[in-house]
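Last residue of the sequence shown: 958 (my numbering), numbering continuous.
Each residue gets a CB set at the ideal place from its N, CA and C atoms; glycine is no exception.
These notes concern the structure reproduced below.
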Amino acid sequence: MLKIREFKQSDQERILEITVESFDGVSIDQNIERLWGRIEGKSWQWRKKQSIIDDLNANPAGVFVAEEEGKVVGYVTTRVEEETGIGRIPNMAVDARHRGKGIGKKLLQQAMEYLKAAGMKYARIETLEQNTIGREFYPRMGFKEVARQIHYAKPLS
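This is how it looks when you write it as structure tokens:
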């Protein structure tokens, strides 16, 4: 039985495992690493985990996990920006073995309900062009493409 619930600190390690698996092939830091190798001895996985930890610490009340049979199988993070009225959904991932069951949809719906209750007028989410899952999923959930962004990197040495 699937359950969407609020994040608990004890979920962090499992969330980080799901992150590394889910963002393989769809991470800006991984793209940089492919070109120039590790930076400061840190892998793209380490950098992505740090961004998730930042999300968990920044707004733990707005982080939700999907739990099936007592095990975390997905998560979504949110950020509330009261000044702008635009809530952000910085990260979302579902364990590959549990995809196709509507878990991502339920997580995204929970995030949007949370943002709406927090007074946000809009929800914002982004994905890389190379992330075919996100590119197809978010429009099905009612999101409209509003811009494209190109990320560049250059060694400074």
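Asked	Found
Sequence-distant residues of the same chain with beta carbon closer than 6 Å to residue 954, five excluded per side	833
Where the beta strand (DSSP E) through residue 868 begins and ends	865-869
Assigned secondary structure, residue 862 (DSSP; H/G/I helix, E/B strand, else coil)	helix
4 or more residues per run - each alpha helix (DSSP H) lying fully within the stretch 909-950	933-941
Rounded C-alpha distance that separates residue 871 from residue 943	30 Å
Contact the stretch 879-888 vs the stretch 918-930: 3+ CB pairs below 8 Å	yes
Unbroken alpha helix (DSSP H) run spanning residue 816, endpoints	813-823
Touch test, the stretch 851-863 against the stretch 805-815, Cβ-Cβ under 8 Å, three pairs minimum	yes
Contacting residues, own chain, Cβ-Cβ under 7 Å from residue 935 (five flanking each side not counted)	928
Through-space distance from residue 803 to residue 916, alpha-carbon basis	22 Å
Straight-line Cα distance separating residue 837 from residue 890	29 Å
Runs of alpha helix (DSSP H) wholly within the stretch 822-847 (minimum 4 residues, chain order)	829-837
Residue interval of the beta strand (DSSP E) (run including residue 893)	893-895
Closest Cα partner of residue 910 within the set 899, 897 and 893	893
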